[in-house]
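In our numbering, each number is its position in the sequence shown, counted from 1, plus 1. Ideal Cβ positions, reconstructed from N, Cα and C, are used throughout, including at glycine. Because the structure is a prediction, the values reported are computed rather than measured.
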Amino acid sequence: MNFFGIGIPEIAVIVVLALLIFGPKRLPQLGKTIGKTIKGLQSASKEFESEINKTLKLNENDD
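This is how it looks when you write it as structure tokens:
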């Protein structure tokens with residue numbers, strides 16, 4: 002399994018470090034916040050790509 006170029010051992014180390022730094026009580030809230038941030042970035046990326054494609058199609062039609 003490979004997620005952003007990070008394998009399972011690296012993910013395990015990150016999770017353990019997060020538990021040590023933030024503690025088990027704050028970790029769910031942190032995960033929720035990170036998830037919302039990633040979702041927002043994906044949405045913005047899709048919207049940006051859509052606008053670029055729309056502009057390119059308009060430019061192709063003008064030629």
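Boundaries (first-last residue) of the alpha helix (DSSP H) holding phenylalanine 49: Translated into the one-based positions of the sequence shown, residue 49 becomes position 48. Unbroken alpha helix (DSSP H) run through phenylalanine 49: 9-63.
Within this structure, are the beta carbons of leucine 28 and leucine 21 separated by less than 8 Å? Locating residue 28 in the sequence shown gives position 27, where the first residue counts as 1. Locating residue 21 in the sequence shown gives position 20, where the first residue counts as 1. The answer is no: Cβ separation not under 8 Å.
When you compare only the Cα positions, how much space is there between glycine 41 and aspartate 63? One-based indexing of the sequence shown puts residue 41 at position 40. One-based indexing of the sequence shown puts residue 63 at position 62. Those two C-alpha atoms are separated by around 33 Å.
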